[in-house]
């Protein structure tokens, strides 16, 4: 099973999710998205795999979000893709990807859904 975690080692939830995956016997590929920023196509793919509200992928407490001068609910998919590709810090973390499925690890246990 190929599993990738979009990871920020400075984030406690990201570290907890990585530890949880390892306890489940999964050795995920680790994508440190702040060091390897996603392309627009990758952000679009993540949005499609996570499904639901595209705004769930955006960290609206970051200073980079405030310069958008919009509320999260006002952002369309194209706005979100553009913003995250330009400012990867806006990507909600962690995200665990397996096959064509992805889940945000908030709480960390939520990420286990993609393993089933």
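Residue numbers (the working numbering): 9 to 124.
All C-beta atoms in this analysis are idealised placements derived from N, C-alpha and C, irrespective of residue type, glycine included.
Are residue 96 and residue 21 closer than 9 angstroms when you measure CB to CB? One-based indexing of the chain shown puts residue 96 at position 88. One-based indexing of the chain shown puts residue 21 at position 13. In terms of Cβ geometry, residue 96 and residue 21 do not form a close pair [threshold 9 angstroms].
Nearest-angstrom Cα distance between residue 67 and residue 42? Taking the chain shown and counting its residues from 1, the one referred to as residue 67 is at position 59. Taking the chain shown and counting its residues from 1, the one referred to as residue 42 is at position 34. Pairing residue 67 with residue 42, the inter-Cα distance amounts to about 14 angstroms.
Own chain residues within Cβ distance below 6 angstroms of residue 39, not counting five before or after: Residue mapping note: residue 39 aligns to position 31 of the chain shown, counting from 1. Excluding residues within five positions, the ones whose Cβ falls inside 6 angstroms are 12, 14.
Keeping to the same chain, check which residues put their C-beta closer than 6 angstroms to that of residue 28; ignore five residues upstream and five downstream. Position 20 of the chain shown holds residue 28. Take residue 28, set aside five residues on each side of it, and the residues of its chain with a beta-carbon closer than 6 angstroms to its own are 116, in chain order.
Does DSSP put residue 106 in a helix, a strand or coil? On the chain shown, residue 106 is found 98 positions in, with the first residue counted as 1. For residue 106, the secondary structure class from DSSP, reduced to helix, strand or coil, is strand.
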